[in-house]
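Here's the structure, in structure tokens; my notes come after.
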Amino acid sequence: MKPKIKWTPQRLAILKYLDGNKEHPSAEDIYEALSKDFPTMSVATVYNVLEFLKRTGRVKEIYIDPQKRRFDPDLSAHYHAICIKCQKIFDIQAKINIDNLKSLVPEFQILDTQLKVYVICPSCQKKASLTPGYKEYKCAKCGSIRTAKHKPQKCSSCGIRGFLVEVHPTN
Ligand code: ZN
Ligand code: MN
Numbered sequence: 007m008k009p010k011i012k013w014t015p016q017r018l019a020i021l022k023y024l025d026g027n028k029e030h031p032s033a034e035d036i037y038e039a040l041s042k043d044f045p046t047m048s049v050a051t052v053y054n055v056l057e058f059l060k061r062t063g064r065v066k067e068i069y070i071d072p073q074k075r076r077f078d079p080d081l082s083a084h085y086h087a088i089c090i091k092c093q094k095i096f097d098i099q100a101k102i103n104i105d106n107l108k109s110l111v112p113e114f115q116i117l118d119t120q121l122k123v124y125v126i127c128p129s130c131q132k133k134a135s136l137t138p139g140y141k142e143y144k145c146a147k148c149g150s151i152r153t154a155k156h157k158p159q160k161c162s163s164c165g166i167r168g169f170l171v172e173v174h175p176t177n
């Protein structure tokens, strides 16, 4: 007999938030989006619900972002590319040719494959060609990057003040 699932309002809200979501959100992202409507919700609650949704086959975890655990409601076989600048994750709808792989490791049974692709996304490529006098500022809270002449007080993405730091080009 299958155990009965208790669909609490918080579990339902998280499931609904994830349904069709292409952003590959982290528990923190989900918390930010839903905590206004659920004042008793904590990041720990969100993690618990995500673990539950994983166990019951409703979301999968993606291991591509070294900073955050990210989750995907799209259970189809696909791969991911992460932009090293804005940390957005993009779907790559492709299949790895398992027969080719098998011939490389014939004595093994292949259970799963992962491919991690690191990219600079089109919008970050555009930003890279910065107007003279402009600098890049990254929000230490949400990780989003914007360009400006002077250091902005407030992050235009998450709205938090005082966490913007200048991004120094690495080469
Ligand atoms: Zn990007
Ligand atoms: Mn995906």
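The sequence shown begins at 7 in my numbering and counts up by one.
Glycine is no exception: its CB is placed at the ideal position from the N, C-alpha and C atoms.
(message) Following a CB-centred definition, is Ile126 positioned closer than 7 Å to any heavy atom of the ligand ZN?
(response) At least one heavy atom of the ligand ZN is nearer than 7 Å to the Cβ of Ile126, so yes.
(request) Check Ser150 in the structure and name its three-state DSSP category. (result) Ser150 falls in the coil class under three-state DSSP.
(request) Count the other CB atoms, across all protein chains shown, that sit within 10 Å of the CB of Ile68; report buried if there are 16 or more and exposed otherwise. (result) Classification for Ile68: buried.
(request) Classify Asn177 as buried or exposed, calling it buried when 16 or more other Cβ atoms lie within 10 Å of its own Cβ. (result) For Asn177, the pLDDT reaches just 35, beneath the cut-off of 50, and the residue's location in the model is therefore unreliable, leaving the point undetermined.
(message) Does Pro31 pass the burial test, meaning 16 or more other C-beta atoms within 10 Å, or should it be called exposed?
(response) Buried, because 16 or more other Cβ atoms sit within 10 Å of the Cβ of Pro31.
(message) Taking only three categories from DSSP, how would you classify Ile102?
(response) In this structure, Ile102 counts as coil in the three-state DSSP scheme.
(message) In whole angstroms, give me the CA-to-CA distance for Ser162 and Asp118.
(response) Looking at the two C-alpha atoms, the distance is approximately 39 Å.
(message) From the DSSP secondary-structure annotation, give me the bridge partner or partners of Val125.
(response) DSSP, once it has assigned bridges, lists Cys89 as partnering Val125.
(request) Just tell me which of Phe44, Ala87, Thr153 has its CA closest to the CA of Pro15. (result) Nearest of Phe44, Ala87, Thr153 to Pro15, Cα basis: Phe44.
(request) Out of Asp35, Cys148, Lys122, Arg152, point me to the one whose CA is closest to Ser135's CA. (result) Nearest C-alpha to Ser135 among Asp35, Cys148, Lys122, Arg152: Arg152.
(message) Is any non-hydrogen atom of the ligand MN found closer than 7 Å to the C-beta of Asp80, if you look at the structure I gave you?
(response) For the ligand MN, at least one heavy atom lies less than 7 Å from the Cβ of Asp80.
(message) Between Asp43 and the ligand MN, is there a pair consisting of the residue's CB and a ligand heavy atom that are separated by less than 7 Å?
(response) Every heavy atom of the ligand MN is 7 Å or more from the Cβ of Asp43, so no.
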